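Reading through the structure tokens given below for one structure.
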Amino acid sequence: MRIIADYDRCEGHGLCVDQAPEVFDLDDDGELVHHLEDQDVPAALEEAAGRAVDSCPVAALRRA
Ligand code: SF4
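Here UniProt numbering is used: the first residue of the sequence shown is 1, the next is one more, and so on.
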């Protein structure tokens with residue numbers, strides 16, 4: 001599984017960071033950082049990454 005981030009849609013709420021801090025972060029400007037851009041999510045992080053996708057209030061994250 002990969003996670004695709006729509007940076008234009010992201011509003012920096014940070015709920016994804018709460019769910020999967022190993023995968024997502026917000027930089028000093030409040031912009032989304034996706035640590036696994038263009039990479040498969042390791043099996044150990046799939047559950048947390050899935051929760052992050054489901055937590056985003058503006059649907060800026062999707063599974064691929
Ligand atoms: S939860 Fe959604 S809107 Fe908030 S930082 Fe993550 S991707 Fe952006």
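Backbone N, C-alpha and C define an ideal beta-carbon position, used for all residues, glycine too. Quick caveat, the model's predicted, so the values are computed rather than measured.
Worksheet item: What first and last residue would you give for the alpha helix (DSSP H) that runs through Leu45?
Response: Counted as a single uninterrupted DSSP element, the alpha helix (DSSP H) harbouring Leu45 occupies residues 43 to 55.
Worksheet item: Tell me the DSSP bridge mates of Leu26?
Response: Here Leu26 is bridged, per DSSP, to Leu32.
Discussion item. Using a Cβ-based criterion (distance less than 8 angstroms to any ligand heavy atom), does Pro42 qualify as near the ligand SF4?
Written reply: Every heavy atom of the ligand SF4 is 8 angstroms or more from the Cβ of Pro42, so no.
Practice prompt. Measure the C-alpha to C-alpha separation of Pro21 and His34 and round it to an integer number of angstroms.
Written response: When only Cα atoms are considered, Pro21 and His34 end up about 10 angstroms apart.
Fill in: Cross-strand partners of Ala5 (DSSP beta bridge)
Partner(s): Leu61.
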